[in-house]
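Okay, so here's the structure we're looking at.
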Amino acid sequence: MAMPVVLRPLDPWCGTVVDCHDESGERLTRVFVDVTDVKRSQVKRADAVIVTHPYRDHYGGVPRTGPEVVYSDEVTAALLELEGVDPGRLERVKRCFEVGVFVVETYPINHAVPEARAVLLEADARALITGDWCALGEHPPL
Numbered sequence: 002m003a004m005p006v007v008l009r010p011l012d013p014w015c016g017t018v019v020d021c022h023d024e025s026g027e028r029l030t031r032v033f034v035d036v037t038d039v040k041r042s043q044v045k046r047a048d049a050v051i052v053t054h055p056y057r058d059h060y061g062g063v064p065r066t067g068p069e070v071v072y073s074d075e076v077t078a079a080l081l082e083l084e085g086v087d088p089g090r091l092e093r094v095k096r097c098f099e100v101g102v103f104v105v106e107t108y109p110i111n112h113a114v115p116e117a118r119a120v121l122l123e124a125d126a127r128a129l130i131t132g133d134w135c136a137l138g139e140h141p142p143l
């Protein structure tokens with residue numbers, strides 16, 4: 002069964018939505034990657050939020066409460082807790098995990114913070130979100 006993956010940027014500087022649909026067009030899984038100025042009601046329609054690194058312009062729109070799980074590194078999770086996000090919603094991840102029908106892999110990228118990761122979401126198709134990166138040559142090509 003083909004499961005189309007749709008990658009859609011939110012308003013400029015607000016993050017990315019990745020949806021996976023079944024053949025009938027019904028949405029199976031929705032993931033937001035990095036959320037800043039997006040309306041919090043939009044985020045609450047997601048199955049999960051993935052934050053690529055601990056800069057406020059990537060995690061500032063994460064709602065304090067809600068059903069969605071928030072996947073991030075240790076530093077970002079600690080900052081989110083300080084901002085009042087329910088710790089029970091926070092999942093600290095290293096490399097590979099699953100969100101609904103997606104297999105998610107993270108890859109280190111060059112950035113001013115060592116925790117920065119690119120995120121690859123895979124179902125029948127793939128979506129790669131790099132977050133921020135710098136061309137410093139510290140990590141091998143993906």
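Read in the working numbering, the sequence shown has 28 at position 27, and its numbers run on one by one without any break. All C-beta atoms, glycine included, are put in the ideal place defined by N, C-alpha and C.
Applying the 10 Å Cβ sphere with the 16-neighbour rule, what's the burial state of C21? Position 20 of the sequence shown, counted from the first residue, corresponds to residue 21. C21 should be labelled buried.
Identify every residue that forms a DSSP beta bridge with A79. Sequence index remark: in the sequence shown, residue 79 carries index 78 (1-based). DSSP lists no partner for A79.
Can you name the residues that DSSP bridges to V7? Against the sequence shown, residue 7 aligns to sequence position 6. Bridge partners of V7: D20.
Check whether the Cβ atoms of V36 and G62 sit closer than 7 Å, and answer yes or no. Mapped onto the sequence shown, residue 36 falls at position 35. Mapped onto the sequence shown, residue 62 falls at position 61. Cβ atoms of V36 and G62: closer than 7 Å.
Helix, strand or coil: which one does DSSP assign to Y56? In the sequence shown, counting from the first residue as 1, residue 56 sits at position 55. If DSSP states are grouped into helix, strand and coil, Y56 belongs with coil.
Minimum C-alpha distance to P55 - residue among E84, A78 and V70: As a position in the sequence shown, residue 55 is number 54, starting the count at 1. Ranking the options by Cα distance to P55, first place goes to A78.
Comparing C-alpha positions only, which one of V6, A119 and P64 sits nearest to G26? Residue 26 sits at position 25 when you count from the first residue of the sequence shown. For G26, the nearest C-alpha among the options comes from V6.
Can you tell me whether DSSP reads P109 as helix, strand or coil? In the sequence shown, residue 109 corresponds to position 108, counting from 1. If DSSP states are grouped into helix, strand and coil, P109 belongs with the strands.
What is the DSSP secondary structure of R46, counted as helix, strand or coil? In the sequence shown, the residue the question calls residue 46 occupies position 45. Residue state, collapsed to three classes: coil.
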